[in-house]
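As given, the protein sequences belong to chains P and U, one line each in that order.
Start counting the first sequence at 1; every next residue gets the next number (this note's numbering).
Start counting the second sequence at 1001; every next residue gets the next number (this note's numbering).
Ideal placement from N, C-alpha and C gives every residue a C-beta, glycine not left out.
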Amino acid sequence: GESVGLHLPTLSVQEGDNSIINCAYSNSASDYFIWYKQESGKGPQFIIDIRSNMDKRQGQRVTVLLNKTVKHLSLQIAATQPGDSAVYFCAEGYDYKLSFGAGTTVTVRA
Amino acid sequence: KAGVTQTPRYLIKTRGQQVTLSCSPISGHRSVSWYQQTPGQGLQFLFEYFSETQRNKGNFPGRFSGRQFSNSRSEMNVSTLELGDSALYLCASSGRGQGGRETQYFGPGTRLLVL
């Protein structure tokens, strides 16, 4: 079936550097995409979303890019901080449900 | 505004038992979705309810069921528990009724361990 996947299961980043987390999706009918952050022992926390009629959206220290041609989604985190260490999931929305990728574990090095 | 709440937070059951998990959505939200999260399978969609009606269902056996009440609170039930049902069960709510086309906000989850 259709699924959303992340390119890398882990990412190690130096504090202060920018992070880029990638995600590939396969359902061309998906029209809504969300990035979530999950810390240990907690539920996923909303970071930022984007609709399929957009290709870029910015939030506070985060930017989501959507490339529908190659079905690729990315999350950029500026000036990565220790508190950014977590598992990051991308999700695609279609037909009243979200399908999640496997997640990327981001570790921030001091 | 209070977030999504789930009870209980932790639960231990034995094989063959049944379990009921509860979710209270964010005030004003009418859509509630349930997900199962395991290390091996990641986040898997179980079902979604809106105005007491199930609108979509994932690929889980009939042992997994749910319902939604008129106040939008939701419960999910798992009957005849199996070891593989051990997981974190997450509930998410959203407001405008567009289901997967809108932001879903997650609760902290219920950690179920089946022995």
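Let's test the definition: count the other Cβ atoms within 10 Å of the Cβ of residue i and tell me whether it reaches 16, buried, or not, exposed.
| i | result |
| --- | --- |
| residue 19 (chain P) | buried |
| residue 1104 (chain U) | buried |
| residue 1085 (chain U) | buried |
| residue 42 (chain P) | exposed |
| residue 1048 (chain U) | buried |
| residue 1083 (chain U) | exposed |
| residue 1012 (chain U) | exposed |
| residue 1008 (chain U) | exposed |
Compute the Euclidean distance between the alpha carbons of residue i and residue j, then round it to the nearest angstrom.
| i | j | result |
| --- | --- | --- |
| residue 1079 (chain U) | residue 1063 (chain U) | 5 Å |
| residue 1022 (chain U) | residue 21 (chain P) | 33 Å |
| residue 8 (chain P) | residue 39 (chain P) | 18 Å |
| residue 1020 (chain U) | residue 79 (chain P) | 43 Å |
| residue 45 (chain P) | residue 1014 (chain U) | 31 Å |
| residue 1038 (chain U) | residue 1090 (chain U) | 11 Å |
| residue 1114 (chain U) | residue 73 (chain P) | 36 Å |
| residue 94 (chain P) | residue 61 (chain P) | 27 Å |
| residue 1040 (chain U) | residue 1081 (chain U) | 18 Å |
| residue 3 (chain P) | residue 99 (chain P) | Confidence at residue 3 (chain P) is low in this model, with a pLDDT of 43, below 50, so the placement of that residue is unreliable and no value is reported for it. |
| residue 1054 (chain U) | residue 1067 (chain U) | 8 Å |
| residue 66 (chain P) | residue 29 (chain P) | 14 Å |
| residue 1045 (chain U) | residue 1087 (chain U) | 13 Å |
| residue 1106 (chain U) | residue 1016 (chain U) | 28 Å |
| residue 109 (chain P) | residue 63 (chain P) | 21 Å |
Just to check my reading of the structure: residue i and residue j have Cβ atoms closer than 8 Å, yes? What is that Cβ distance to the nearest angstrom?
| i | j | result |
| --- | --- | --- |
| residue 92 (chain P) | residue 36 (chain P) | Actually they are not in contact, since the Cβ atoms of residue 92 (chain P) and residue 36 (chain P) sit about 12 Å apart, beyond 8 Å. |
| residue 55 (chain P) | residue 34 (chain P) | 16 Å between Cβ atoms; not a contact. |
| residue 1006 (chain U) | residue 1109 (chain U) | 6 Å |
Proximal residues, the region 73–100 of chain P versus chain U, C-beta separation under 9 Å: So the close ones are 89, 91, 92, 93, 94, 95, 96, 97, 98, 99 and 100.
Below 9 Å between beta carbons is the criterion; list the residues of the region 16–47 of chain P that meet it against any residue of chain U, in chain order. Here the close residues are 30, 31, 32, 34, 36, 38, 41, 42, 43, 44, 45 and 46.
Positions along the region 1103–1114 of chain U whose CB lies within less than 8 Å of some CB in chain P: For the region 1103–1114 of chain U, which is checked against every Cβ of chain P, the residues closer than 8 Å are 1103, 1104, 1105, 1106, 1107, 1108 and 1109.
Taking a cut of 7 Å between CB atoms, which residues from the region 1044–1057 of chain U lie near chain P? Within the region 1044–1057 of chain U, contact with chain P at the beta-carbon level (separation under 7 Å) is assigned to 1045, 1048, 1055 and 1056.
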